[in-house]
Structures are given as C-alpha cells and as structure tokens.
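Residue numbers (the working numbering): 152 to 448.
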Amino acid sequence: MRATSTWQLPNGWVRISSERWGPFVIRELVRRPDGQIVELTARRHRKGYGPAPANTASPVGARAVVWAPHEIGWWVGALFIIGSACFAVGSVPGLSSVASAKLISSVYFIGSLFFTGAGYLQFLQAINARGIGERHGIHRWFATVPHGLGWWAAAVQLAGTVFFNVTTFEALKTGFTVHQENLRVWSPDFFGSICFLVASWFAIEEIRTPGRGRRWRWSEIPWRIVWVNMIGSIFFMASAIAAFVRPATDELLSASIANTGTFLGALCFAWGAWLLLVELGIATHYEPTPRQPAQRP
152 MRATSTWQLP NGWVRISSER WGPFVIRELV RRPDGQIVEL TARRHRKGYG PAPANTASPV
212 GARAVVWAPH EIGWWVGALF IIGSACFAVG SVPGLSSVAS AKLISSVYFI GSLFFTGAGY
272 LQFLQAINAR GIGERHGIHR WFATVPHGLG WWAAAVQLAG TVFFNVTTFE ALKTGFTVHQ
332 ENLRVWSPDF FGSICFLVAS WFAIEEIRTP GRGRRWRWSE IPWRIVWVNM IGSIFFMASA
392 IAAFVRPATD ELLSASIANT GTFLGALCFA WGAWLLLVEL GIATHYEPTP RQPAQRP
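As structure tokens, then:
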C-alpha cells in the first residue's frame, strides 16, 4: 500500500518533510503562509485538534478539562473513565465475599457498555476527521479509512469493546458446562483482550517519531496515554489467560491473577482516560490556522 497523507493542506501551506510507519503517514512538518513551521500528526488530525507548533512540549502542569460536553473528545474520556471505574469496582479484592456473582457480573456488563460507547465515539472521530481549518463534526456514522493508522486503532479497539459486551453479558447467565463457559465467556474475553493489545500497539506506532527510537518521552501527554493504555491491555490479557477454566478441575487457571489483572488494567485505563481530558485541554492552546492581520480602517 502506498503511503498517503491523511490531511489536505490549505492554499499556501507547504510540506517540508513527511514521516511514516509502513504505509501510514504519521507526521509531517509544514510551513504556513506566515512562515511558521507547524507539525501535523495523525493522532491530532483524527481527534480534530489541528496542527501544533513544531517541537513544542506539553505545557508543564497541564490540567484536565473536567466539563466540555460539546467536545466528542471529552465524552470519549468521560465514558472510558466510567467504564474503567465499573471494571475496577467489580474486581476489587475481596468483593466476591460480600457481593453476589450476579451483582459483580452486572457491574462488569454496565462497564462494558460505557467502554463501547467511548470506543464508538473514538471511531466517529477517526472517520469524521476534516481538513485543516474545516469545521469538525459528525458527518457520517460508519466508514472505512484504511489509509489512516488511527482508524485501525479505533476500529480494532471498538471490536474489542464489543467482545467485552459479549463476555460480560454471557457471564450474567449460569448453568454452563466447562466447555460452554470457555466458549461463551472466556473466548470473547480473550479475543477482546487481543484487540486491545493490537489497538494499543497501533496507537503507539501512530505517535512514534522515526529516527528517535522508543526513548522515554514522559513529558508528552500522548506518549503517556498510549503507553498507560498498553500496560492496561497487558494486564487485561493476563487476566483473560488466567480466567480459562481447566476441564480437569472446573477451576480457573488462576483466579487471583484473573481478578488482579482486571483491577490493575482498569486502573490503567481510567488513568489513560483522564489523560485524554488533559490532552483535550492542551489542544485548546493551539491555533489551527494563522491569524489574519488586522485591517486598517
């Protein structure tokens, strides 16, 4: 597949350099008509944040946007926080001794619905990304954008949330044989965890800067987000593997690892979702288009 830029430049804007990962363009440096060099990244584009001044670090002490219901990005972060909180509550150590399995399963199922809501909104961001200076909004509800790495990250993660819908819904039922338990509850959990791992990997590659390797970039909010989510995905994967029911004993491979993995993974996802709100706040500091000089009277 040939690498194709995911954004169109306005008249007068000039590309200086372009960087890619495989067939995907992930970063470009562009000169605006006023001479300023700005950076276009695939992640900012799909989120509708526009270009940013080149070589600008995240502001020190950046704060999260706690209320911005007019922004899709705010809803993505808020819904992921609520969904993560449900998974964290459902896997609190010792909860099973004071709460029924039905109640815990219900909490998980509710959390999975919030995950899917957030995942779909993230998918909407990716398919409705507009050109520089164009108004962003929801213009279509489903589309494929195979030339965009961010679309793949959003689409795969959305698929993962649907798998979690299935596994948590099936877990509400009782009376399964071991084979049925592994097929209807464990399998979608396992595949959903794989999707989260793959989506996290795509998100990491989306912000990778070629030539700089994978050096520590903790000061950059997007870097924190993708790596915190990757750690959360690893915890979820460990939990899924440990939740396999052994036919010989009718017991999980490791109930403690399954529960702990879910709890720690949920905390990571909640943290990553909170950082999405920080990223939203930082994005408002950037001006997508150059200011026009004031007209003389």
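Even for Gly, the Cβ is constructed at its ideal location relative to N, Cα and C.
Classification of residue i by the beta-carbon crowding that lies within 10 angstroms, buried from 16 upward
i    : result
D185 : exposed
I289 : exposed
S242 : buried
L418 : buried
P444 : Unreliable placement is indicated for P444, whose pLDDT of 45 sits below 50; no coordinate value is reported for it.
A399 : exposed
R442 : Any answer about R442 is weak, because its pLDDT of 46 lies below 50 and its placement is not dependable; what the coordinates show is given next. Exposed.
S344 : buried
R194 : buried
Q187 : exposed
G416 : buried
L334 : exposed
I167 : exposed
A424 : buried
G245 : exposed
G173 : exposed
Inter-residue CB distance, residue i and residue j (contact presumed, cutoff 8 Å)
i    : j    : result
P202 : V216 : That belief does not hold up - the Cβ atoms of P202 and V216 are roughly 20 Å apart, past 8 Å.
R375 : W369 : 6 Å
V176 : W164 : With a Cβ gap of about 15 Å, V176 and W164 do not count as contacting.
T312 : F266 : 4 Å
V379 : W422 : 5 Å
Q159 : G282 : 4 Å
L431 : A219 : 7 Å
T413 : F238 : 6 Å
S263 : I255 : Not confirmed; about 13 Å, so no contact.
Residues of its chain near residue i, where Cβ-Cβ distance is below 6 Å and the 5 sequence neighbours each way are ignored
i    : result
E438 : Here E438 scores only 46 on pLDDT, less than 50, and its place in the model should not be relied on; the value that follows carries that caveat. Answer for E438: no residue qualifies.
V429 : A213, A215 and I372
R178 : E170 and T192
K253 : none
A434 : Y200
N279 : I289 and H290
S384 : F347, L348 and S351
F314 : P339, F342 and G343
Boundaries (first-last residue) of the alpha helix (DSSP H) holding residue i
i    : result
I278 : A252 to I278
T413 : A406 to A434
V377 : I372 to A393
Q331 : V329 to E332
V313 : L300 to E321
P220 : Taken as a continuous stretch (DSSP letters only), P220 belongs to no alpha helix (DSSP H), as it is neither H nor E.
W352 : S338 to E357
Boundaries (first-last residue) of the beta strand (DSSP E) holding residue i
i    : result
I188 : I188 to T192
E106 : Here the chain comprises residues numbered 152 to 448, so residue 106 is not present and cannot be evaluated.
F231 : Looking at the DSSP string, F231 is not in any beta strand (DSSP E); the run it does join, the alpha helix (DSSP H), is I223 to G241.
L180 : F175 to R182
Any chain C beta carbon closer than 8 Å to residue i
i    : result
P244 : Here there is only one protein chain, and chain C is not present.
Sequence-distant residues of its chain with Cβ nearer than 8 Å to residue i (five each side left out)
i    : result
F260 : N316, T319, F320, A322 and L323
Q276 : R197, K198, G199, I223, G224, V227 and A305
D401 : V329
Sequence-distant residues of the same chain with beta carbon closer than 7 Å to residue i, five excluded per side
i    : result
A269 : V227, L230, F231 and G234
A409 : S390, A393, A394 and L403
V240 : V258
S405 : A393
Residue i Cβ short of 7 Å to the ligand ATP heavy atom set
i    : result
R366 : With respect to small molecules bound, the structure shown includes none, and the ligand ATP cannot be examined in it.
ask   = Any chance the segment 332-341 sits against the segment 274-294, with 3 or more Cβ pairs inside 8 Å?
value = Contact fails: fewer than three Cβ-Cβ distances are below 8 Å.
query = Contact between the segment 342-359 and the segment 300-311: three or more CB pairs below 8 Å?
reply = Segments in contact, yes.
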